[in-house]
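Visitor: Numbering (this note's numbering), first residue to last: 784 to 898.
(1) Assign residue 844 to one of two classes, buried (16 or more other C-beta atoms within 10 Å of its C-beta) or exposed (fewer than that).
(2) Pull up the distance between the alpha-carbon of residue 833 and that of residue 813, whole angstroms please.
(3) Would you say the beta carbon of residue 793 comes nearer than 8 Å to a heavy atom of the ligand MN?
(4) If we call anything under 9 Å between Cβ atoms a contact, is residue 804 one with residue 897?
(5) List the DSSP bridge partners of residue 838.
(6) If you draw a straight line from the alpha carbon of residue 807 to that of residue 801, how long is it in whole angstroms?
(7) Where do the ends of the beta strand (DSSP E) carrying residue 818 lie?
What follows is the structure, given as structure tokens:
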């Protein structure tokens, strides 16, 4: 199986509008390219009073509603990457981030794919 960086993002500034890691914009995506995916996010710019929320969405069937599969909070100073579990995604997915509190911060990282 080939491993690739399906999507990358560099110095994407996150505010109180939910951003797609796939597009790097506030236009949320509905990706239907099937695969096994894992998100890597560099959280080094997060400071003491900051909180951000990362979410992964997917549809159970191609015609169903996209819902949250899993979510994580990034709280305060970080010295480690945020690395999600691998997920099988295919019916209309997206990976997003939004600021809950604190200062807007820039994030970099990648969505890696096996398939």
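For every residue, glycine included, the Cβ atom is placed at its ideal position computed from N, Cα and C.
Guide: On the basis of the coordinates in this document:
(1) Classified as exposed, residue 844 has fewer than 16 neighbouring CB atoms from the shown chains inside 10 Å of its CB.
(2) Their Cα atoms are separated by approximately 28 Å.
(3) Annotation note on the ligand MN: not contained in the displayed structure, which lists no ligands.
(4) Taking 9 Å as the Cβ cut-off, residue 804 and residue 897 do not qualify as a contacting pair.
(5) Bridge partners of residue 838: 854, 879.
(6) The alpha-carbon atoms of residue 807 and residue 801 are separated by roughly 10 Å.
(7) Start and end: 818-825.
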